[in-house]
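Undergrad:
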Amino acid sequence: MKPSTTDATVVSLAVVIQFLMEATLGRLLVAPNILVPLLVYLSMNRSVEWGVEGAFFVGLCLDFLTNQPPGATSLALILGILAARGILSKTTAAGGVSFYFHAILASVFSDILFIIFASRPPGVFLGARVLLVFPRIAVPMMLLAVAQTALIRFRRVSP
Amino acid sequence: MDRSRSKLLNYTVISVLLILAGPALLSGVGSRLGAMFAGLFFRDQGLNDDSYARTLVLELMLENAMLREAAVKTRLYREMLGYVRLPETRAVVARVLYRTEGLVGGGFVVDRGERDGVVPGSVCIASGGLVGIVDRVNEASCTVLPITMPGVLVSAVCGESGAMGLVSSGVDGAMEMSHVDLAVSPRVGEQVLTSRFGGVYPDGIVIGFVSGIEAGAPGLDLVLQIEPAVDFRRLGEVLVLVPGDDAE
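If you're matching them up, the sequences are chains X and E in order.
Here the first sequence is numbered in the numbering used here, starting from 1 and rising by one per residue.
Here the second sequence is numbered in the numbering used here, starting from 160 and rising by one per residue.
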């Protein structure tokens, strides 16, 4: 994969912002998830390898920065994005909304997989608190949808 | 097998290998990187003027806790035990960088390590009370196991009734004090303090408050439900008690 400089810069910035949000809030899996939607977008619109190679290196950076077991986020991201893509390709052919579904599904899968991989013993913290992973992706996706709608309206109104 | 599938397989295998072998080989790298990177964005509290005042407040809090425990012990066990001085310790103010491994029982990574004198087994407290115990120490950071983590046991005593027992937490985060003697009469709302009988924690640090009382094994003991004094979800700054220069 040869990512463009712009894409790589945006992803690097997203890693830094994600790390700062995690560190500021003091708990993992509470900060809004911006990395997964970005990786999903790039894998859909640039190169599918953003969902594999990009996810691996992004996850590894985040693991090192947040002192998690190295590879836990990488594997969770790769498998989460892959699983979401697999499910959506089997169940729907919708193109316009598939980014949102893909990003939400990938984020939820990735977070649940991360809990399984990072817990010691694996999976011990699976439970009702896993529900926290839903608002983590819902908030950025809602903001994105609102921003997208506003941008479209603005373009229609402006000459 | 096409190239993208081959890449997927390769990176998945590498990730699995990293998960299996990474913590042993690379955990120090991670904590070091995290601490260095966080230092770029957050001010070093050690250089902050406010840190001196915070240290004084926390040291006074510690002294207060020790005196409180001494009073309880003196009243209850004056004939049996004398007041035993704690080894000399000094307090290091630390900032919580992140939680590790999971949503409920994960440890805290704080920005103090070997270079600050932190050793495994150092006790970590916050303004509210006991946080936990240091488990793993790297050069610039260490991991604190909170008392809400399943498997962490704390020898404890109730401040007013003198009921003694072991405080532990379940996977759901609920904290309880077990093996409490039926002969004592603990009350809802009274303070639960650390006891030196466990040999790990200093006396008299607040753990929490009794929120409920249940019968344990029939006819044998009581189980007290404990509400932690520390809000573990909003833990920012903590105090790590490290051996003093003149400690044995």
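No residue lacks a Cβ here, since even glycine has one placed at the ideal position from N, Cα and C.
Since this is a predicted model, take the numbers as computed values, not measurements.
Compare the C-beta of Ile173/E against all C-beta atoms of chain X and say whether one is closer than 9 Å.
TA: Answer yes: the Cβ-Cβ gap between Ile173/E and chain X drops below 9 Å somewhere.
Undergrad: Return the chain-ordered list of same chain residues with a C-beta closer than 7 Å to the C-beta of Thr214/E, the five sequence neighbours on each side being excluded.
TA: Answer for Thr214/E: Ala250 and Val252, listed in chain order.
Undergrad: Tell me the DSSP secondary structure of Gly205/E in three-state form.
TA: Any reading at Gly205/E must be qualified, since the residue scores a pLDDT of 48, below 50, and its modelled position is unreliable; no value is offered.
Undergrad: For the 8 Å Cβ check, are there 3 or more pairs between the segment 68–82 of chain X and the segment 51–59 of chain X?
TA: Because the criterion of three Cβ pairs below 8 Å is met, the segment 68–82 of chain X and the segment 51–59 of chain X touch.
Undergrad: Considering Phe368/E, what are the terminal residues of the beta strand (DSSP E) in which it resides?
TA: Segment Val365 to Ala374, the beta strand (DSSP E) holding Phe368/E.
Undergrad: Determine the chain E residues that contact Val36/X at a beta-carbon separation under 7 Å, and present them in chain order.
TA: In chain order: nothing, as chain E lies at least about 16 Å away.
Undergrad: Give the residues of chain X in contact with Ser307/E, contact being defined as C-beta atoms less than 8 Å apart.
TA: Residue identity differs from the one stated: residue 307/E is Thr in this sequence, not Ser. None at all; the shortest Cβ gap to chain X is about 12 Å.
Undergrad: Please go through the same chain and pick out, in chain order, the residues whose beta-carbon is closer than 6 Å to the beta-carbon of Ser43/X, but skip the five residues on each side of it.
TA: Contacts found: Trp50 and Gly51.
Undergrad: Could you tell me which chain X residues have their CB closer than 9 Å to the CB of Thr248/E, listed as they occur along the chain?
TA: Within chain X, no residue comes near Thr248/E; the closest Cβ sits about 26 Å away, beyond 9 Å.
Undergrad: Are Gly318/E and Arg227/E touching if we call contact CB-CB under 9 Å?
TA: Contact: yes.
Undergrad: Alpha carbon to alpha carbon, what distance is there between Val216/E and Gln204/E?
TA: Its pLDDT being 48, under 50, Gln204/E is placed unreliably by the model, and the measurement read from it follows with that caveat. Approximately 15 Å between the Cα atoms of the pair.
Undergrad: Under 9 Å between C-beta atoms, does Leu176/E make it to chain X?
TA: Yes, Leu176/E counts as interfacial toward chain X.
Undergrad: Please name the residue, chosen from Ser107/X, Ser119/X, Pro32/X and Gly80/X, that lies closest to Gly265/E on a Cα-to-Cα basis.
TA: Nearest option by C-alpha distance: Ser119/X.
Undergrad: Among Asp331/E, Leu379/E and Pro387/E, which one has its Cα closest to the Cα of Ala315/E?
TA: The shortest C-alpha separation from Ala315/E is found at Pro387/E.
Undergrad: Does any C-beta atom of chain E lie closer than 9 Å to the C-beta of Asn67/X?
TA: Yes - at least one Cβ of chain E is within 9 Å of the one on Asn67/X.
Undergrad: Assign Pro345/E to one of three DSSP states: helix, strand, or coil.
TA: Three-state DSSP puts Pro345/E in coil, outside helix and strand.
Undergrad: Between Ala406/E and chain X, is there a C-beta pair that is closer than 9 Å?
TA: Low confidence applies here, because Ala406/E scores a pLDDT of 45, under 50, leaving its location unreliable; read the following figure in that light. So no, Ala406/E is outside the interface.
Undergrad: Return helix, strand or coil for Ile306/E, following the three-state DSSP convention.
TA: In the structure shown, Ile306/E sits in coil (DSSP, three-state: anything other than H, G, I, E or B).
Undergrad: When the cut-off is 9 Å and only beta carbons count, does Gly288/E lie next to chain X?
TA: Chain X, which has no Cβ nearer than 9 Å to the Cβ of Gly288/E, makes this no.
Undergrad: Going by C-alpha to C-alpha distance, which of Ala103/X, Val10/X, Ser47/X and Ile152/X sits closest to Pro140/X?
TA: Per the Cα distances, Ala103/X.
Undergrad: Tell me which residue opens and which closes the alpha helix (DSSP H) that Ser12/X is part of.
TA: It spans Thr5 to Leu25 - the alpha helix (DSSP H) in which Ser12/X sits, taken as one unbroken run.
Undergrad: When you compare only the Cα positions, how much space is there between Val15/X and Val48/X?
TA: Distance between the alpha carbons of Val15/X and Val48/X: 19 Å.
Undergrad: Out of Leu65/X, Phe109/X and Asn67/X, which has the shortest C-alpha to C-alpha gap to Gly86/X?
TA: Among Leu65/X, Phe109/X and Asn67/X, the Cα nearest to that of Gly86/X is on Phe109/X.
Undergrad: Under the rule that 16 or more other beta-carbon atoms within 10 Å means buried, what is Leu167/E, buried or exposed?
TA: It is buried - the Cβ of Leu167/E has at least 16 other Cβ atoms within 10 Å.
Undergrad: So, with DSSP's three-state summary, where would you put Phe69/X?
TA: For the sequence presented, residue 69/X should be read as Pro rather than Phe. In this structure, Pro69/X counts as coil in the three-state DSSP scheme.
Undergrad: Output the distance between the C-alpha atoms of Gln18/X and Asp63/X, rounded to the nearest integer angstrom.
TA: Taking the straight line from one Cα to the other gives about 12 Å.
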